[in-house]
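Trainee: Everything in the sequence shown is counted per the numbering used here, starting at 300 for the first residue and increasing by one.
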Amino acid sequence: MRNFVRVLRMSWAYRTRLIISVIAAMCVAVFWSLNISAAYPVLVVLSNNQSLQDWVQQQIDHYEKRATDPAKLKQVADLQAERQVLDENPAAPDQHIPGWREKREREIAIELAGLEKELSSANWKAWLYRWLKTTVIQYLPNDAFRTFAWIVAALVIGIAVKGVFEYVQESLIGAVVQRTLFDFRNQFFRRGLHQDLKQLGEAGTTELMSRATNDVEQIGTGMKMLYGRVMLEPLKMATSLVAACVISWQLTVMFIAVVLVAVVTLNKVSRSMKKAARKVLERMSELYRVLREAFDGLRVVKAFTGESRERRRFRAANEDYYRKTVRVIHIDAAVGPLLETLGVMAVGLALLAGAYLVLNKSTHLFGVRMVDDPIGPEALLTLYMFLATIADPVRKLSSVYTKMQSGMVAADRVFALYDRAPAVGANADGPVVPRHARGISFRNVCFSYTPGNPTLNDVNLEVTAGETVALVGPNGCGKSTLLGLLPRFYDPDHGDILIDGVSLRAANLRSVRKQLGIVTQDTVLFDDTVLANIAYGRHGATDAEVEAAAKAAHAHEFIVTLPQGYQTRTGDMAASRLSGGQKQRIALARAILRDPRILILDEFTSQIDGESEQKIQEALRAFVKGRTTFVITHRLSTLELADRIVVMDGGRIVATGKHADLIVNSPTYRRLYDTQAFADLAGKQAA
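1. Quick check: what's the CA-CA separation for residue 614 versus residue 691?
2. Which residues in the same chain have their Cβ closer than 6 Å to the Cβ of residue 861, if we skip the five residues on either side of it in sequence?
3. Closest by CA to residue 1011, which one among 352, 422 and 331?
4. If you draw a straight line from the C-alpha of residue 683 to the C-alpha of residue 328, how long is it?
5. Counting only runs that start and end within the region 838-910, where is the beta strand (DSSP E) found for 3 or more residues in a row?
6. Around the C-beta of residue 437, are 16 or more other C-beta atoms found within 10 angstroms, so that it is buried, or is it exposed?
7. Our contact map puts residue 528 next to residue 696 with C-beta atoms below 8 Å; I'd like the distance itself, whole angstroms only.
8. Under a three-way DSSP split, which group does residue 931 fall into?
9. Return helix, strand or coil for residue 447, following the three-state DSSP convention.
10. How about residue 719 and residue 580: do their beta carbons lie closer than 7 Å?
11. Excluding sequence positions up to five away, which residues of its chain have a Cβ less than 6 Å from the Cβ of residue 588?
12. Can you find the residues in the same chain that come closer than 7 Å, C-beta to C-beta, to residue 460, ignoring five residues on each side of it along the sequence?
13. Go ahead and pull the three-state DSSP assignment for residue 947.
14. Under the three-state reduction of DSSP, which class applies to residue 800: helix, strand or coil?
15. Which whole-angstrom value is the C-beta distance of residue 852 and residue 887, which I expect to be below 8 Å?
16. What residues in its chain sit with their C-beta under 7 Å from that of residue 872, if we drop five residues either side in the sequence?
17. From residue 514 to residue 482, what does the alpha carbon distance come to, in whole angstroms?
18. Using the rule of at least 16 other Cβ atoms within 10 Å of the residue's Cβ for burial, across every protein chain shown, is residue 631 buried or exposed?
19. Would residue 300 be called buried (16 or more neighbouring beta carbons within 10 Å of its own) or exposed?
20. Cβ atoms of residue 493 and residue 786: under 7 Å apart, would you say?
21. Look at the alpha carbon of residue 814 and the alpha carbon of residue 747, and state the distance between them as a whole number of angstroms.
22. Can the beta-carbon of residue 758 be found closer than 7 Å to that of residue 741?
23. Let me confirm a value: residue 628 is counted as buried when at least 16 other C-beta atoms fall within 10 Å, else exposed. Which label applies?
24. Which of the three DSSP states, helix, strand or coil, is assigned to residue 745?
25. Report the three-state DSSP secondary structure of residue 766 (helix, strand or coil).
26. Under the assumption that residue 274 contacts residue 840 (Cβ atoms under 8 Å), give the Cβ distance between them as a whole number of angstroms.
27. Could you round the C-beta distance between residue 293 and residue 735 to whole angstroms and report it? I think they count as a contact, below 8 Å.
28. Which residues bound the alpha helix (DSSP H) around residue 384?
29. Return the CA-CA distance between residue 524 and residue 637, expressed in angstroms with no decimal places.
30. So does the region 545-554 actually touch the region 644-653, counting three or more Cβ pairs closer than 8 Å?
31. Scan the region 390-440 and note each continuous alpha helix (DSSP H) run of 4 residues or more that stays entirely inside, going in chain order.
32. With a threshold of 6 Å on Cβ separation, who are the neighbours of residue 530 within its own chain once the five nearest residues in sequence on each side are excluded?
Here you go:
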């Protein structure tokens with residue numbers, strides 16, 4: 300509930316619309332009861348076959364006669380006189396009986412209160428009917444049928460006006476909810492972008508997608524129900540309740556007692572609903588995961604004829620989701636009929652009690668006064684209609700409550716990710732790292748993705764500004780992880796990394812990343828044009844600068860052959876026309892355009908053919924001059940760019956030096972070199 304309220308607070312920015320919607324809801328409730336109350340004069344006209352003028356005058360005469368009933372007035376006067384005698388004559392008869400005086404004074408007070416209430420009620424009703432006669436009834440025709448036609452016309456107009464207010468309320472609520480979700484999605488996405496890679500890896504992309512889409516929509520449904528029906532239906536109940544109490548508050552109280560049983564039932568059902576809704580959302584995330592894995596890895600699925608396996612996986616996840624969803628449907632479906640049965644039971648009890656009073660022309664039931672005056676069938680049927688309209692909002696609120704529970708569960712799930720503080724802070728107030736010119740130091744760096752399983756262990760490395768360092772080693776030795784610490788994708792568990800003497804932990808993160816250019820093995824291209832993907836490296840770059848960077852990366856030659864040249868889109872299906880090597884050259888052009896002081900190349904030529912690789916080597920040989928460059932590679936040709944080679948194994952640096960020295964002194968490097976030399980030779984023979 301607390302997290303759901305947090306989303307509701309976001310909607311306070313649109314409080315003007317909310318206030319107007321509340322006013323509209325109040326108008327809907329008022330017209331709701333007024334339209335129902337039209338049944339009373341209709342029943343009067345139809346049952347008595349008389350105009351409303353005659354009927355109202357008859358009621359005025361009846362209540363004026365009751366208000367001036369001589370017998371009642373004499374009884375009041377006698378009781379007042381007796382009380383005065385008791386007050387003036389302490390030595391009253393039977394005073395020797397203990398408590399007699401106090402008992403008689405209480406009896407007189409009770410009788411007087413009842414009589415005065417009866418006379419006051421008659422006076423008030425006489426005044427009310429006189430007011431109706433002078434302000435409303437006198438303008439209606441005297442003919443019974445024409446009166447009936449006027450009432451029907453007024454009812455149609457009332458329903459139309461109520462519909463206008465309903466439209467205003469629902470439109471405003473819909474606008475507020477959607478605007479709030481718009482703001483919330485933006486904030487959630489912003490928080491997600493600021494999460495560090497380790498946290499995002501733990502959550503998973505599909506989980507983030509599920510919570511940002513499906514879960515947020517569930518929150519929106521709950522908000523719409525809260526601001527819509529939860530606001531409107533109680534107001535409709537309240538106006539109907541007031542109108543029912545005017546006829547007989549005692550019968551209405553009897554009805555409410557049964558309704559309270561429905562509320563208790565609803566509360567118990569809601570607990571089961573909340574648990575079931577949480578499981579449904581979890582299974583939806585699992586469904587997203589299976590879909591994403593299958594379609595992202597479709598090439599592997601088809602190559603290894605894994606279609607049937609993936610179908611079984613999806614069917615299992617889909618069946619699990621189906622079972623959990625059906626449980627929610629069963630709970631939701633059962634609540635409505637259950638509450639409707641309780642509501643009809645409540646109305647039925649009130650109707651039976653009222654029918655007894657009407658048929659016996661009585662005012663008491665089981666010795667308890669239920670009405671001030673005997674009621675007629677018209678009043679009883681109108682009371683029944685009001686009670687039925689109270690039960691209807693209760694029934695509607697039952698489905699609302701289950702949807703709100705789903706919204707609350709969804710809010711808990713979304714905020715579980717939203718509230719996670721990133722381990723890597725931006726340090727906006729930290730020292731700005733000046734343009735890199737001295738050196739980079741890795742000092743006693745240790746790091747692990749999972750506690751107790753270190754990926755890097757006591758790494759020490761000094762790199763001079765402008766130096767090109769190649770990192771080599773077997774797969775899983777920590778090369779990419781080490782360079783991932785440089786842009787602070789992660790922070791080391793122990794040790795420190797310094798750029799020109801400034802610790803990365805304390806430095807302004809933006810000033811560090813602005814000096815970096817990164818090209819990775821897994822090329823990421825956005826669903827945009829080739830031009831925009833390259834220009835992503837530097838905001839505000841001109842077309843000429845983009846083209847120059849593409850030429851430097853030897854990407855210009857194939858870009859101009861694309862259907863729309865630099866305006867060709869590269870996302871999803873459009874990217875299938877690009878080879879892996881072409882994508883890597885676009886990514887390299889993006890890094891070149893950034894003009895970084897520190898360049899990180901992580902297997903950047905893994906998908907490039909030999910001819911293109913030679914051209915890129917020539918371009919890089921000129922580009923890396925004056926820049927600190929880190930290269931992760933298995934290719935022997937790329938090692939020619941390096942001023943120094945760093946050999947890693949088991950999360951440690953085991954050797955550093957030139958190629959000639961390492962061949963002699965490092966068994967690990969010699970083994971890697973021999974393996975790669977053999978692979979290169981085999982590749983040339985195959986070609």
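Even for Gly, the Cβ is constructed at its ideal location relative to N, Cα and C.
Mentor: Per the coordinate set shown:
1. Position 315 of the sequence shown holds residue 614. Position 392 of the sequence shown holds residue 691. When rounded, the distance between both Cα atoms is 40 Å.
2. Taking the sequence shown and counting its residues from 1, one reaches residue 861 at position 562. Excluding positions up to five away in sequence, the list reads 867.
3. Outside the displayed span of the chain (300 to 986) sits residue 1011, for which this structure offers no information.
4. Taking the first residue of the sequence shown as position 1, residue 683 is located at position 384. Taking the first residue of the sequence shown as position 1, residue 328 is located at position 29. Rounded to the nearest angstrom, the two C-alpha atoms are 18 Å apart.
5. Annotation: the region 838-910 contains the following complete segments of the beta strand (DSSP E) (minimum length 3 residues), in chain order: 897-901.
6. Taking the sequence shown and counting its residues from 1, the one referred to as residue 437 is at position 138. By the 10 Å Cβ count, residue 437 comes out exposed.
7. In the sequence shown, the residue the question calls residue 528 occupies position 229. In the sequence shown, the residue the question calls residue 696 occupies position 397. With 8 Å as the limit, residue 528 and residue 696 qualify as a contact, their Cβ atoms being about 7 Å apart.
8. For the purposes of this step, residue 931 is taken as the residue at position 632 of the sequence shown. In this structure, residue 931 counts as strand in the three-state DSSP scheme.
9. Within the sequence shown, the letter at position 148 stands for residue 447. Looking at residue 447 - three-state DSSP - the assignment turns out to be helix.
10. Residue 719 sits at position 420 when you count from the first residue of the sequence shown. Residue 580 sits at position 281 when you count from the first residue of the sequence shown. Not in contact: residue 719 and residue 580 (Cβ atoms no closer than 7 Å).
11. Sequence index remark: in the sequence shown, residue 588 carries index 289 (1-based). Around residue 588: 505.
12. Numbered from its first residue, the sequence shown carries residue 460 at position 161. These residues qualify, in order along the chain: 330.
13. As a first step, residue 947 must be located in the sequence shown, where it is residue number 648. Correct three-state label for residue 947: strand.
14. Looking up residue 800 in the sequence shown gives position 501. Residue 800 falls in the coil class under three-state DSSP.
15. What you label residue 852 is simply residue 553 of the sequence shown in a count that begins at 1. What you label residue 887 is simply residue 588 of the sequence shown in a count that begins at 1. Residue 852 to residue 887, Cβ: 4 Å. Contact.
16. Within the sequence shown, the letter at position 573 stands for residue 872. With a pLDDT of only 48 at residue 872, under 50, the local geometry of the prediction cannot be trusted, and the value read off the model is given with reservation. Take residue 872, set aside five residues on each side of it, and no residue of its chain has a beta-carbon closer than 7 Å to its own.
17. Sequence index remark: in the sequence shown, residue 514 carries index 215 (1-based). Sequence index remark: in the sequence shown, residue 482 carries index 183 (1-based). Approximately 15 Å, taken between the alpha carbons.
18. As a first step, residue 631 must be located in the sequence shown, where it is residue number 332. Buried.
19. To locate residue 300, count along the sequence shown from 1; it is residue 1. With fewer than 16 Cβ atoms within 10 Å of its Cβ, residue 300 is classed as exposed.
20. Within the sequence shown, the letter at position 487 stands for residue 786. Within the sequence shown, the letter at position 194 stands for residue 493. No, they are not a contact pair.
21. Stepping through the sequence shown from its first residue, residue 814 is reached at position 515. Stepping through the sequence shown from its first residue, residue 747 is reached at position 448. Roughly 26 Å between the two C-alpha positions.
22. Within the sequence shown, the letter at position 459 stands for residue 758. Within the sequence shown, the letter at position 442 stands for residue 741. A contact, by the Cβ cut-off of 7 Å.
23. Counted from its first residue, the sequence shown places residue 628 at position 329. It is exposed - the Cβ of residue 628 has fewer than 16 other Cβ atoms within 10 Å.
24. As a first step, residue 745 must be located in the sequence shown, where it is residue number 446. The answer is strand: DSSP assigns residue 745 an E or B state.
25. On the sequence shown, position 467 is the one that residue 766 refers to. Note: residue 766 maps to coil in three-state DSSP.
26. With the chain covering 300 to 986 only, the question about residue 274 has no answer from this structure.
27. Beyond the ends of the chain as shown, which are 300 and 986, falls residue 293; an answer cannot be given.
28. Walking along the sequence shown from the start, residue 384 turns up at place 85. Here the alpha helix (DSSP H) through residue 384 covers 369-387.
29. In the sequence shown, counting from the first residue as 1, residue 524 sits at position 225. In the sequence shown, counting from the first residue as 1, residue 637 sits at position 338. Rounded to whole angstroms, residue 524 to residue 637 spans 20 Å at the Cα level.
30. yes
31. Within the region 390-440, the complete alpha helix (DSSP H) runs of at least 4 residues are 399-434.
32. Taking the first residue of the sequence shown as position 1, residue 530 is located at position 231. These residues qualify, in order along the chain: 324.
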